[in-house]
Structures are given as structure tokens and as C-alpha cells.
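J.: One structure is given below, represented as C-alpha cells, and several questions about it will come after.
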Amino acid sequence: MEVKLVHLSKHFGDVIAVDDLNLEIKSGEFIALLGPSGCGKTTTLLMLAGIYIPTYGEIWFGERLVNNVLPKDRNIGMVFQSYALYPHMTVFQNITFPLKLKKVPQQVMSEKAQRVADLMQIGHLMDRKPAQLSGGQQQRVALARALVKEPDILLFDEPLSNLDARLRLTMRGEIKRLQHELGITSIYVTHDQVEAMTMADRIAVMRDGRLQAFATPDELYNRPKTLFVAGFIGSPPMNFLDATIVEMEGKAVVKGAGFQVVLPDEIGKIALSRARDQQVIYGIRPEHAHLDPAGSIEAEVYLIEPLGREDLIDVRLSDGSVVGVLEPAGQPVRVGERVRIRFEEEHSQLFDPQTEQSVLW
């Protein structure tokens, strides 16, 4: 089922929760609505579900305008953050509740419930009540209840936020596998950029009710078009340093307090054509900043964070700080030590400090 949002807005009095949102979601696509708290992603999801009526704009499911269609008539499945299971009902009764409302015959209801429960690997738990289940099992019940209706669209409202880290990792894979197998158009709300990056075909990044970017995880990570997207996508976040871009001996050179980077010709020509002799914000991701005795940037080690396979090292330049990656972990570096670091120039990002737009993409 294709989904289109056309100039969609939602106002609560003087507060604009969603502002002129335009999205086209392909049939069978898994997309994530990603952004910080208050950015409008859940409000958008609730408008898709029919719980909120848009102030302006249109919502299309295929060729059908659904602005004024009741939630029960939209053929959607929704999975909530809180699971929203009925505590007095068994797993079987929770899963079949939507079918019971539609007065589906008992035999058909039982067959559908068992099939979807087996798919979710909870077929042996049908007689238990929610209090007898683990968090992961409860989430599977909630997902099974959404799937048993055979919906055209699946809506997820931060469904993994109540699970522990290991179980979140498992359920991420399960939901992605299931969505791929069933081919149901899915819209997933999260503030966790790792969830969005690992699960979604495309990600809609939102901020203050407005769409900032809508692209694949690879595009958002490697070619961020705004300063906000560059800083929000990636963990640890991208390093930003104030700088100026100038031309020296036919090369684009980024100069800042305590560092200088010569850009590769491919991106250097673009940068010079758009921002020569201008102030820029230089961006480099931690995995592209390394400890190197031959590096041109001198810094002082401020903090070391062991992560097992690698260490994160926080160093201070003459004006600003940079987080880099030490790989393998356990290298003989001490806090307070003077070191040299190197940036992988081909991974440099440049942003206009006034517009916060990328100079390169």
C-alpha cells in the first residue's frame, strides 16, 4: 500500500506540532520517522492512524483519501510503546480481539491466531496472561495482534523502548525480517538513530515539526545535507569545528584554530566554487579521526572511554575538541598526554554556519 502525505500539518492551539510535511512512501517500504522528543513524529503517526485529524493537508492510502476515515476502517495495524495488552485476557484472546470485533467465525479466528503466533514464535504461550510473559514475549503478542488483521499498513510507536539492550537488538532483527517477508508498508517512530539506521529502507528526519531530510541510511550518514542531520545521525556524533576555506597552490584548504586539512580534489573543487574564503563549519566523524604520530594536528588527551574492541579518545585542540577512535583498544595513551591526530580528508563535511546547509551536497 502506497502512502502519501501532502502538505500535512497539525496545530494544537498556537503550537504547530507538524508543519507542512510531504512524504511519499512506496508500497512495501519500511520507513522510520526519526527525531528528538517534540519533533512531531508521533503526532504524524497518530494522524496516519486516524486518532488525530489533520489541521491542513491530505493523507492518501493508495488512491484513497483517508482524512475523515475512522481508524477502524483504515485497515492498519498499530504496535504501541506500552504494548497495550489486556491484562485479564490470555495471549489467544489478546491476539484475536480485533477479529472478534469484526465478528470473524471462531474457527477462522483460531486458525489465523495460531498461524501468526507461530510466526512470532509464541504459539506455545496462547493460554498465558500478559503478567506471565517477559517483555519480549509481550511485544511479540502486541505485534501478533497487529498482524492478525492482515493490515495494509503497520504503524510502530517506539515499540522497543521498554526492552533491555540485548532484547532490543533481537527484536530489531525480528521485526525487520518479518516486515521483509510479509511486504507490508511499515512506518516506525523512534528517537533512536541506531534503530532507524539498522531497520529502515529510508529515514525521515524531523525537527520542530518540519522534515529535515528523507533518504536512505547510507545517504544520511555519508552525505548529510544539513548540520542537524549530520549531528543527529551517527554514534558517537560527528565532530564540528569552526574554520575557513581558502585556496592554496590550487588546493582547497580548511583552516581552523589548531588544525589544517587539505581537501581531496573531488570535493575540494566543489567546496571552493561554493564557499571560497568563507567561514565554514568543518565536520568529521570519530571513526575518521585517528591517533597518528605523523598526523599534522597536535592535541591533548582529555578523556579515554574503553568500549572493548575499540576506545574512544576525546582530545582538546587549541580551540575546540574532537572525539576519535582508537582501534584496537588498549593502546598506551594517557590522559594529559600530547598526541598527534589525523583526519581522513576524503570523509570531510562542510556546512555554512548561517544556513546550516551542506556546502558539498
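Quick note: the sequence shown uses the numbering used here, first residue 1, plus one each step.
Cβ coordinates follow ideal geometry from the N, Cα and C atoms, glycine included.
Would you call the CB atoms of residue 48 and residue 155 closer than 8 Å?
T.: In contact: residue 48 and residue 155 (Cβ atoms closer than 8 Å).
J.: For the alpha helix (DSSP H) containing residue 110, name the first residue and the last one.
T.: First-last of the alpha helix (DSSP H) with residue 110: 106-119.
J.: In the DSSP output, what is residue 350 paired with across the bridge?
T.: In DSSP, residue 350 forms a bridge with 282.
J.: Considering only residues of the region 298-342, which uninterrupted beta strand (DSSP E) runs meet the minimum length of 3 residues and lie entirely inside it, listed in chain order?
T.: Those beta strand (DSSP E) runs which fall completely within the region 298-342 and span 3+ residues are 311-317 and 320-326.
J.: What span of residues does the beta strand (DSSP E) with residue 77 cover, start to end?
T.: That run of the beta strand (DSSP E) goes 76-79.
J.: State the DSSP-derived secondary structure class of residue 64, mapped to helix, strand or coil.
T.: Residue 64: strand per DSSP, three-state reduction.
J.: For residue 157, count neighbouring Cβ atoms within 10 angstroms of its own Cβ and tell me buried if that reaches 16, exposed if not.
T.: Flag for residue 157 reads buried.
J.: Would you list the residues sitting across from residue 86 in a DSSP beta bridge?
T.: The partner list for residue 86 (beta bridge, DSSP) is empty, contrary to what the question assumes.
J.: Figure out for me which residue from 147, 26, 71 and 75 has the closest Cα to the Cα of residue 115.
T.: Nearest C-alpha to residue 115: 147.
J.: When you compare only the Cα positions, how much space is there between residue 50 and residue 43?
T.: One C-alpha to the other measures close to 11 Å.
J.: Starting from the C-beta of residue 288, find all residues in its chain whose C-beta is less than 7 Å away, skip the five residues before and the five after it, and write them out in chain order.
T.: Counting only Cβ-Cβ distances below 7 Å, and skipping sequence neighbours, we find 343, 344 and 347.
J.: Considering only their Cβ atoms, is the gap separating residue 240 from residue 205 smaller than 8 Å?
T.: For residue 205 and residue 240, no; Cβs fall outside 8 Å.
J.: Kindly indicate which three-state DSSP category residue 55 falls into: helix, strand or coil?
T.: Coil, per DSSP.
J.: Just to confirm, are residue 334 and residue 297 a CB contact at a threshold of 8 Å?
T.: Contact: no.
J.: Does the distance from the C-beta atom of residue 127 to that of residue 90 stay below 8 Å?
T.: Yes; because the gap between Cβ atoms is below 8 Å, this pair is in contact.
J.: Start and end of the beta strand (DSSP E) containing residue 260?
T.: Unbroken beta strand (DSSP E) run through residue 260: 259-262.
J.: Please tell me whether residue 163 and residue 136 are closer than 8 Å, where the distance is taken between their beta carbons.
T.: Yes. Within cutoff.
J.: Taking all protein chains shown into account, decide if residue 225 is buried (16 or more other Cβ within 10 angstroms of its Cβ) or exposed.
T.: By the 10 Å Cβ count, residue 225 comes out buried.
J.: Would you kindly work out how many angstroms separate the C-alpha atoms of residue 133 and residue 87, rounded to a whole number?
T.: Each residue's Cα considered, the two are about 11 Å apart.
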